[in-house]
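Peer 1:
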Amino acid sequence: MIKLKSVGLMALVLTGVMMGFLHNPASAKEIAWHSFADGMARGKSENKKIFLHFYANWCGACKVMENKTFKDPTVIAYINENFIPIKVNTDREQKTSQIFKVRALPDNWFIDEDGKPIGHRPGYITPENLKGILKMLMDKNTGQ
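Per our numbering, the sequence shown starts with residue 629, numbered consecutively.
This is the structure we're talking about:
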């Protein structure tokens, strides 16, 4: 009887541990993208910077960035941990694209906690370069 309770308790503990891993952004297998409206609101409420990525389905460089940069485990972990990521399809959300004057794709914007643009970088960004840019933005924030 005691062994059966121990097995049940162990199964319960292991289930809790596994659920913790599944909900930990650092162990996520993909970037937790948000819509523009939701992401901007979350940036303010969570006091986090925003990484805003403009793309189109027909854009070759966007596909490379999606399949290489946004699949890099260290990029995924860093973005999910430190930023609110927003993805905008320029063909579907033309108004948002016009607000940011998107002229080339992909176009990557960096927004502060108050919703004000810090800057942007059009074109494909390698995983290493994106990590460097994002880290620089975070280091500026902490005064390092």
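Each residue gets a CB set at the ideal place from its N, CA and C atoms; glycine is no exception.
1) So, do the region 698–710 and the region 743–751 have three or more beta carbon pairs nearer to each other than 8 angstroms?
2) Alpha carbon to alpha carbon, how far is Ser725 from Ile746? Give it in angstroms, no decimals.
3) Can you tell me whether DSSP reads Tyr683 as helix, strand or coil?
4) Hey, quick one: how far does the alpha helix (DSSP H) through Asn675 stretch, first residue to last?
5) To the nearest angstrom, report how far apart Cys690 and Leu733 are at their CA atoms.
6) What does the alpha-carbon distance come out to for the pair Arg731 and Thr754?
7) Could you compute how far the alpha carbon of Phe698 sits from the alpha carbon of Glu721?
8) Name the two residues that bound the continuous alpha helix (DSSP H) containing Ile704.
9) Need the endpoints of the beta strand (DSSP E) that Gly747 sits in, please.
10) Taking all protein chains shown into account, do 16 or more other C-beta atoms lie within 10 angstroms of the C-beta of Ile678, making it buried, or fewer, making it exposed?
11) How far does the alpha helix (DSSP H) with Ile727 in it reach, from first residue to last?
12) Can you tell me whether Ile714 is helix, strand or coil according to DSSP?
13) Near Val716, what residues of its chain come up, given a Cβ to Cβ distance below 8 angstroms and the 5 sequence neighbours on each side ignored?
14) Within its chain, find whatever has a CB closer than 8 angstroms to the CB of Asp742; leave out the 5 residues flanking it on each side and keep chain order.
15) Mapping DSSP to helix, strand and coil, what is Ile761?
Peer 2: Reading it off the structure:
1) no
2) 17 angstroms
3) strand
4) Looking at the DSSP string, Asn675 is not in any alpha helix (DSSP H), and its letter there is neither H nor E.
5) Distance between the alpha carbons of Cys690 and Leu733: 7 angstroms.
6) C-alpha separation (whole angstroms): 20 angstroms.
7) Whole-angstrom Cα-Cα distance: 21 angstroms.
8) 701–710
9) 745–750
10) buried
11) 722–727
12) strand
13) Phe664, Leu680, His681, Phe682, Tyr683, Thr724, Ser725
14) Taken in chain order, the residues that qualify are Lys672.
15) helix
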